[in-house]
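41 is the number of the first residue of the sequence shown in our numbering; add one for each residue after it. Ideal placement from N, C-alpha and C gives every residue a C-beta, glycine not left out. In this text, all values refer to a predicted model and were calculated from it rather than measured experimentally. Below: one structure, written as structure tokens.
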Amino acid sequence: RVWITVVRQPDDTNRAQFLAACIEAGFVPEIAYETADPLTSLGLVSAGLGLATVQESLRDAAPAGIVFRDLPWFKRSVEIHLAWRRNDRRAVVADLRRAVGSRQ
């Protein structure tokens, strides 16, 4: 089976983590396409060009006919950061900053 991966930066660990998980699961994937973002990957999947790993949150954005399945052998986590505009005084921003313990 042909795989599609997302490469965000030259030193991105996504591909390395994916390859390591595949090898641990007992196979080496044939990676035929690398995309800049997961929505492009879904487009290639929709065109019948391969399989891709994408986050579940993209399910609603996927073209019709795309099937999502959990991959219990691929445990990936990502860091999430809160970003806001400096000196933004809106209450919602203050609430979020308090929730994450920001002092800035």
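Cβ distance (whole Å) where residue i is taken to contact residue j below 8 Å
{"i": "Ala44", "j": "Gly88", "result": "The sequence shown places Ile at residue 44, rather than the Ala named in the question. Contact flag wrong, Cβ pair sits at about 11 Å."}
{"i": "Phe114", "j": "Thr93", "result": "6 Å"}
{"i": "Pro78", "j": "Val47", "result": "Pro78 to Val47, Cβ: 11 Å. No contact."}
Buried or exposed by the 16-neighbour rule on C-beta atoms within 10 Å, applied to residue i
{"i": "Phe108", "result": "exposed"}
{"i": "Leu82", "result": "buried"}
{"i": "Val85", "result": "buried"}
Residue i vs residue j beta-carbon contact at 8 Å
{"i": "Glu70", "j": "Val42", "result": "yes"}
In DSSP terms, what residue i is bridged to
{"i": "Ile71", "result": "Trp43"}
{"i": "Leu91", "result": "Trp43"}
Counting Cβ pairs closer than 8 Å, one from the stretch 118-129 and one from the stretch 96-108, do we hit at least three? no
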